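Student: Residue numbers (UniProt numbering): 1 to 275.
Would you mind keeping the following structure in view while I ask a few things?
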């Protein structure tokens, strides 16, 4: 396990100026306009490339397993109502300060075969260069603190439940011959579990808390989530603190990915965004 070279202090606040004044419209006003979008959070894991790959070359999945590391990611996103929401990908992204290497995952017993994990999906593909019998089991969680009074668990999931393994993702990314540089960071996408998969967390776990992003949990803002203090969570609000954590292994071999948290501050006003 090594420290990430560009750490962002845990708990760093992100002013709303970092939530883009995206271009969006709604049903009442179809004219595109600039404004602050609703606040969402997205949890995924990042694959850090440890060994480069020249242009016009690709790697098979089996080799990809020795080229990657993992770190937990906290991505605050500003969601618009349509495809213009792509600005959110560059919004207030926070990465935990530790990189967990494949070797460390192996020592913790987190690298398992798809047979051990009982997995299907993309892991059993017939595409030759994506064939893979390896999977990674890393549990993740997201919680939210509102007004600094209470902290509520919003969701839990496991990396192994992804349709494609991280190793297959690296192999597929390289298949175009785009090359890979040491330090490249690839994302797994949102980590969520199905109602069946979440049962592995035990009967005491609320099956509704299985989403890797707020938009899924509240069904696009149409089904608010009730917090322990009685208030309703629709989207992130000013002052909210989101914390994300990851861990792997079991017993005396449990390893942590280092928690990461950040706070949303009120948006700044820009003259060019005034209607």
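Here a beta-carbon is modelled for each residue, glycine too, at the ideal position from N, C-alpha and C.
The structure displayed is predicted, hence computed values, not measured ones.
Just list the beta strand (DSSP E) runs in the stretch 122-159, keeping only unbroken ones of 3 residues or longer that don't cross its boundaries, in chain order.
Tutor: Runs found: 134-136, 139-146, 150-158.
Student: According to the neighbour-count rule (16 or more other Cβ atoms, all chains shown, within 10 Å of its Cβ), is residue 161 buried or exposed?
Tutor: As a first step, residue 161 is located in the chain shown; it is residue number 161 there, counting from the start. Classification for residue 161: buried.
Student: Could you give the distance in angstroms between the alpha-carbon of residue 183 and the alpha-carbon of residue 140?
Tutor: Numbered from 1 along the chain shown, position 183 holds the residue referred to as residue 183. Numbered from 1 along the chain shown, position 140 holds the residue referred to as residue 140. For residue 183 and residue 140, the distance between alpha carbons rounds to 23 Å.
Student: Assign residue 158 to buried or exposed, taking buried as 16 or more other Cβ atoms, counted over all protein chains shown, within 10 Å of its Cβ.
Tutor: The sequence position of residue 158 within the chain shown is 158, counting from 1. Its Cβ being crowded by 16 or more others within 10 Å, residue 158 is buried.
Student: With a CB to CB cut of under 7 Å and the five nearest residues on each side skipped, what residues in its chain are close to residue 224?
Tutor: What you label residue 224 is simply residue 224 of the chain shown in a count that begins at 1. Cβ neighbours of residue 224 beyond the five flanking positions: 218, 232, 233, 234.
Student: Buried or exposed for residue 208, going by 16 or more other Cβ atoms inside 10 Å?
Tutor: Here residue 208 refers to the residue found at position 208 of the chain shown. Classification for residue 208: exposed.
Student: Cα separation between residue 43 and residue 155?
Tutor: Within the chain shown, numbered from 1, the residue matching residue 43 stands at position 43. Within the chain shown, numbered from 1, the residue matching residue 155 stands at position 155. If I take the Cα positions, the gap works out to 10 Å.
Student: Is the beta carbon of residue 238 sitting closer than 8 Å to the one on residue 266?
Tutor: As a working mapping, residue 238 is identified with position 238 in the chain shown. As a working mapping, residue 266 is identified with position 266 in the chain shown. Cβ atoms of residue 238 and residue 266: closer than 8 Å.
Student: Would you call the CB atoms of residue 45 and residue 142 closer than 8 Å?
Tutor: One-based indexing of the chain shown puts residue 45 at position 45. One-based indexing of the chain shown puts residue 142 at position 142. Not a contact, by the Cβ cut-off of 8 Å.
Student: Do residue 110 and residue 137 come within 8 Å of each other at the CB atom, strictly closer than that value?
Tutor: Along the chain shown, one-based indexing puts residue 137 at 137. Along the chain shown, one-based indexing puts residue 110 at 110. Cβ atoms of residue 137 and residue 110: closer than 8 Å.
Student: Between the alpha carbons of residue 166 and residue 174, how many angstroms are there, rounded?
Tutor: As a position in the chain shown, residue 166 is number 166, starting the count at 1. As a position in the chain shown, residue 174 is number 174, starting the count at 1. Going by the C-alpha atoms only, they are around 13 Å apart.
Student: Assign residue 19 to one of two classes, buried (16 or more other C-beta atoms within 10 Å of its C-beta) or exposed (fewer than that).
Tutor: Taking the chain shown and counting its residues from 1, the one referred to as residue 19 is at position 19. Here the model assigns residue 19 a pLDDT of 45, short of 50, so the residue's position is not dependable and the matter cannot be decided.
Student: Here's the rule: buried if 16 or more other CB atoms are within 10 angstroms of the residue's CB, otherwise exposed. What is residue 123?
Tutor: In the chain shown, counting from the first residue as 1, residue 123 sits at position 123. Buried, by the Cβ-count rule.
Student: Counting only runs of 4+ residues fully inside the stretch 175-262, write out the alpha helix (DSSP H) ranges in chain order.
Tutor: As far as the stretch 175-262 is concerned, its whole alpha helix (DSSP H) runs of at least 4 residues are 214-217.
Student: If you draw a straight line from the alpha carbon of residue 100 to that of residue 221, how long is it in whole angstroms?
Tutor: Taking the first residue of the chain shown as 1, we reach residue 100 at position 100. Taking the first residue of the chain shown as 1, we reach residue 221 at position 221. When rounded, the distance between both Cα atoms is 34 Å.
Student: Is it true that the CB of residue 203 sits closer than 8 Å to the CB of residue 150?
Tutor: Residue mapping note: residue 150 aligns to position 150 of the chain shown, counting from 1. Residue mapping note: residue 203 aligns to position 203 of the chain shown, counting from 1. Taking 8 Å as the Cβ cut-off, residue 150 and residue 203 do not qualify as a contacting pair.
Student: Closest to residue 134 by C-alpha separation, out of 152, 114, 126, 147, would be which residue?
Tutor: In the chain shown, the residue the question calls residue 134 occupies position 134. Selected option, being the one with the closest Cα: 114.
Student: Considering only their Cβ atoms, is the gap separating residue 244 from residue 260 smaller than 8 Å?
Tutor: In the chain shown, counting from the first residue as 1, residue 260 sits at position 260. In the chain shown, counting from the first residue as 1, residue 244 sits at position 244. Result yes, Cβ atoms of residue 260 and residue 244 sit closer than 8 Å.
Student: Identify which residue in 49, 94, 153 has its Cα closest to the Cα of residue 263.
Tutor: As a first step, residue 263 must be located in the chain shown, where it is residue number 263. Looking at the Cα atoms, 94 is the closest of the given residues.
Student: Can you tell me where the beta strand (DSSP E) with residue 111 in it begins and where it stops?
Tutor: Indexing the chain shown from 1 puts residue 111 at position 111. Residue 111 -> beta strand (DSSP E) spans 111-113.
Student: Residue 97: buried (16+ other C-beta within 10 angstroms of its C-beta) or exposed?
Tutor: What you label residue 97 is simply residue 97 of the chain shown in a count that begins at 1. With 16 or more other Cβ atoms within 10 Å, it is buried.
Student: Taking Cβ to Cβ, would you say residue 53 is nearer than 8 Å to residue 185?
Tutor: Here residue 53 refers to the residue found at position 53 when the chain shown is read from its first residue. Here residue 185 refers to the residue found at position 185 when the chain shown is read from its first residue. Result no, Cβ atoms of residue 53 and residue 185 do not sit closer than 8 Å.
Student: How should residue 104 be labelled, buried or exposed, when 16 other C-beta atoms within 10 angstroms of its C-beta is the threshold for buried?
Tutor: Residue 104 sits at position 104 when you count from the first residue of the chain shown. So residue 104 counts as buried.
Student: Does residue 43 come out as helix, strand or coil in the three-state DSSP assignment?
Tutor: Sequence index remark: in the chain shown, residue 43 carries index 43 (1-based). In this structure, residue 43 counts as strand in the three-state DSSP scheme.
Student: List the endpoints of the continuous beta strand (DSSP E) containing residue 98.
Tutor: Numbered from its first residue, the chain shown carries residue 98 at position 98. Start and end: 98-101.
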